[in-house]
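>
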Amino acid sequence: MGNFVSSALSRRLFVISAMVVAPACGDPNLVVGSSGGGGTGEGAGDTGDATSTQTGIPLAGGGGEGGAGGDGGGPDTTGCGDGLIQVGEVCDDGNSNPGDGCSADCKTVEQDFACPTPGEACVSIVVCGDGVANGAETCDDGDVMPGDGCSATCEVEAGWLCPSPGLPCVAALCGDGIIAGNEECEDDDAVPTSGDGCSDSCQREFGYACGLPGEPCHLTICNDGIKEGDEPCDDGNDDIGDGCNPFCQVEPTCTVGPCTSNCGDGLILPSDMEECDDGNTSDGDGCSSLCTIEPGFECVDITGQLPTQLVVPVAFRDFIGLPINGAIKHGDFEAFGGNQATPGLVATNLGLDKKPVYTGICEASLIGPCPYGQQTTTQAAFDQWYNDVAGVNIKHVTQLTLNQQPDGSYYFPDAAFFPLDGIGWVGASSETTYDGHNFAFTSEVRTWFEFQGGEQLAFSGDDDVWVFINGHIALDLGGLHPQRSGSFTLDTTMASTLGLVAGNVYEVALFHAERHTNASNFNLTLNGFVSAKSTCDTTCGDGIVAGDELCDDGVNDGSYGGCMPNCTPGPRCGDSSVQDPPEECDDGVNLAPYSFTGMPGCAPGCVLGAYCGDGAINSLFGEQCDDGPNNDGSYGGCDPDCSLGPRCGDGVVQGGQGEQCDDGNTVSGDGCSSMCKSEVAQ
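Per this note's numbering, residue 45 is the first one in the sequence shown, and the count goes up by one each step.
Dropping the structure here:
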């Protein structure tokens, strides 16, 4: 029975095989079927569903898509990852890895990427540091330096606010515990309050030093040898004229002869190595802490613009003239009298300690030209006038402010000169007042100037006054007397006497004593004793970006792609504003050389990119055709995605278009002509 079945089956298969005929060119009854489904892993194609009306026998369908590993099915035409844009792809970067700009199926350009060139890596349109905030960027200040509010990855840093891309970030809030922007401090106030060292705008107040955020500020102690806060210097003493004044400000060093200028004192002398001196030792303001001009800045001496005020340091020393509570009176105060100045009480030159030298005339035990009697007691007592002596005097350092007058001079007037009221020995309950004021004190004023010739000084007051320039006496109004006046002009003769040379810096030292009650006057005029400082500013147009400049190309004419005269960016590709000419577009990113949307994107250089529908076949981007506005998918035309529309040779018989056959090519002589007409076998 088995042999019979086997034999019968074999004969049936032979008959079927014999009845199957190949489609013949010219068979008008052929209906082309659909392609078979994909085969198995071995690549076998499914049987198609075409049927010949001549035989009624099903025809073989087209090869199906090969299964995994198959080699007999239809070819894989997706091509994603081959570096070529195929039909249906919008990008192909040469791989099928997601997350690099082009999706794994090449059908999507991923967010924040552009894929301008097939076969090459996609590029991020988010470029941190380009001054444009794109994608996930929360800021972009035009650089990748952290610590300025916008991090190296273009994220807003804590405590900062970055309102405008391309511009510096600012502090978000004073009082948030984070020092940011132009803030100088963040103390422990719950609500920012001025007067405690850190102002309500988070600026460090004068005379304070502030530590870490959240810590209270503290008063600086000038002359403690610790440089902190606003102190440009601190040499551990309150001496005047030693290079660091009692207020911890840099000054020239004045010992013997001309003074030596120091960086930060505001002086630039012909013999100096300094390029600039703006009166401080801060970096970033044009003149560095080493007094060199910083790149992008220009510094000039402001000789024609003198300040409205001249502030000079003064050291007061309080003595006991009217003792109480068992205090010991000083012998030279509230002791003698006189009606006229008595010159000669001090030597014509200062001592090595830069203090007046006692001569001894008009002392009780000596004979001298003393028409008004005894004026002093002993050398030891006099040496205490301008030196700090514990238990004898109390020192108080402050400043005199001279205001500029219409003639350019500087004037300090005070007909009731009582700078130590309420302090000193009176404050210590060792001395009483007279008429409500604290008398019995000395004054030591030191300043310096660059000698040019013609400088003038005038003084009016009481009791003792001596003025020294370059260590030599220039004015002597010594002795106890009512208000008296004296003045001098540094002409050629006096300059020679004092040893002055034009262009050098010299010290002016004024020593005063208020030794007797009834009145206290102090009126000082200085004319020409002001030295100019450097002022520094950025030089827009020097090709160096400095200070608050945003750009500087050295031309700064506002031309396209350049810099404006005020060193802000001029019109350029990437500013999101179309400059016509030369730009055709500007979307701020400009990384779209090709568009699939039917409308052009903006390509690098701010030119319109190619697109499907522009009438040009851009094969680089996978276009097979482009009929411009006529990409309507009509027969023989182009589809909307710039792939070939239905046509002869596409393997599909378009009966409505007169096709009788379509063997997938346009070659005649193979049964289907180049016009898709059936050919008759000869």
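We treat Cβ as the ideally placed atom computed from N, Cα and C, and that holds for glycine. In this text, all values refer to a predicted model and were calculated from it rather than measured experimentally.
Considering only the alpha carbon of each residue, which of D535, F503 and A553 lies closest to Q527?
The option with the nearest alpha carbon to Q527 is F503.
> Can you look up P609 in the DSSP assignment and give me helix, strand or coil?
Coil.
> Would you grab the beta carbon distance between N482 and D362 for me? Rounded to a whole angstrom, and I think it's under 8 Å.
Contact holds; Cβ gap of about 7 Å.
> Kindly list the residues whose CB is nearer than 6 Å to the CB of Q701, restricted to its own chain and excluding five residues on each side of it in sequence; keep chain order.
Only Y679 meet the Cβ criterion.
> How is F377 classed by DSSP in three states: helix, strand or coil?
DSSP places F377 in coil when its eight states are reduced to three.
> In whole angstroms, what separates the C-alpha of C656 from that of E628?
For C656 and E628, the distance between alpha carbons rounds to 18 Å.
> Comparing the C-beta of E551 with each C-beta of chain B, is any distance below 9 Å?
You won't find chain B in this structure, because it holds only one protein chain.
> Can you tell me where the alpha helix (DSSP H) with A424 in it begins and where it stops?
Unbroken alpha helix (DSSP H) run through A424: Q423 to F426.
> State buried or exposed for L311, treating a residue as buried only when at least 16 other CB atoms are found within 10 Å of its CB.
Answer is buried; the Cβ neighbour count reaches 16.
> Taking the beta strand (DSSP E) that W510 belongs to, which residues open and close that run?
Here the beta strand (DSSP E) through W510 covers D508 to I513.
> From the DSSP secondary-structure annotation, give me the bridge partner or partners of G505.
DSSP output for G505 lists R528 and F566 as bridge partner(s).
> I need the straight-line Cα distance from Q418 to F462, nearest angstrom please.
C-alpha separation (whole angstroms): 25 Å.
> What is the residue span of the alpha helix (DSSP H) that T536 lies within?
Unbroken alpha helix (DSSP H) run through T536: T536 to L542.
> Excluding the 5 residues flanking V200 on each side, which residues of the same chain have their C-beta closer than 8 Å to its C-beta?
Once the five neighbours on either side are set aside, the close Cβ partners of V200 are T182, C183, G193, C194, C206 and C213.
> Below 8 Å, can you find three or more Cβ-Cβ pairs linking the segment 385-401 to the segment 339-358?
No contact exists between the segment 385-401 and the segment 339-358.
> What are the start and end residues of the beta strand (DSSP E) that includes G287?
It spans D286 to C288 - the beta strand (DSSP E) in which G287 sits, taken as one unbroken run.
> Using the three-state DSSP reduction, which class does N674 fall into: helix, strand or coil?
The answer is helix: DSSP assigns N674 an H, G or I state.
> Is the Cβ-Cβ distance between P339 and A590 less than 9 Å?
In contact: P339 and A590 (Cβ atoms closer than 9 Å).
> CB E475 to CB P367, shorter than 9 Å?
It is a contact, given that the beta carbons lie within the stated cut-off.
> Which partner residues does V153 have in the DSSP bridge list?
The partner list for V153 (beta bridge, DSSP) reads C146.
> When DSSP labels each residue in this structure, what does L664 get in the three-state scheme?
Three-state DSSP puts L664 in a helix.
> Check whether the Cβ atoms of G677 and G689 sit closer than 9 Å, and answer yes or no.
Going by C-beta atoms, G677 is nearer than 9 Å to G689.
> Quick check on DSSP: helix, strand or coil for V697?
Of the three classes helix, strand and coil, the one that applies to V697 here is coil, per DSSP.
> In the DSSP output, which residue or residues are listed as bridge partners for Q448?
According to DSSP, which records beta bridges pairwise, Q448 is partnered with Y454.
> Is it buried or exposed for V294, if we count other Cβ within 10 angstroms and need 16 for buried?
With 16 or more other Cβ atoms within 10 Å, it is buried.
> Using the Cα positions of A202 and I222, report the straight-line distance between them to the nearest angstrom.
Each residue's alpha carbon lies about 8 Å from the other.
> Whole angstroms are fine: how far does the CA of D309 sit from the CA of F555?
Going from the Cα of F555 to the Cα of D309 covers about 23 Å.
> For P119, which of helix, strand or coil comes out of DSSP?
Any reading at P119 must be qualified, since the residue scores a pLDDT of 38, below 50, and its modelled position is unreliable; no value is offered.
> Give every residue of the same chain whose Cβ lies closer than 7 Å to the Cβ of A557, excluding the five residues on either side of it in the sequence, and list them in chain order.
If we look at A557 and ignore the five residues flanking it on each side, its Cβ neighbours are W429, T486, D507 and D508.
> Take the Cβ of K577 as the centre, count every other Cβ of all protein chains shown within 10 Å, and call the residue buried at 16 or more, exposed below.
So K577 counts as buried.
> I think A518 touches L542, with their Cβ atoms under 8 Å apart; what is that distance to the nearest whole Å?
A518 to L542, Cβ: 6 Å. Contact.
> For W469, which of helix, strand or coil comes out of DSSP?
In this structure, W469 counts as helix in the three-state DSSP scheme.
> In the DSSP assignment, what are the bridge partners of V344?
Bridge partners of V344: T579.
> From the DSSP output, in three-state form, read off W204 for me.
DSSP places W204 in strand when its eight states are reduced to three.
> With a threshold of 7 Å on Cβ separation, who are the neighbours of C611 within its own chain once the five nearest residues in sequence on each side are excluded?
Excluding sequence neighbours, C611 sits near C584, E593, L594, C595, D596 and N600.
> For T641, is the classification buried or exposed, using 16 other Cβ atoms within 10 angstroms of its Cβ as the cut-off for buried?
With fewer than 16 other Cβ atoms within 10 Å, it is exposed.
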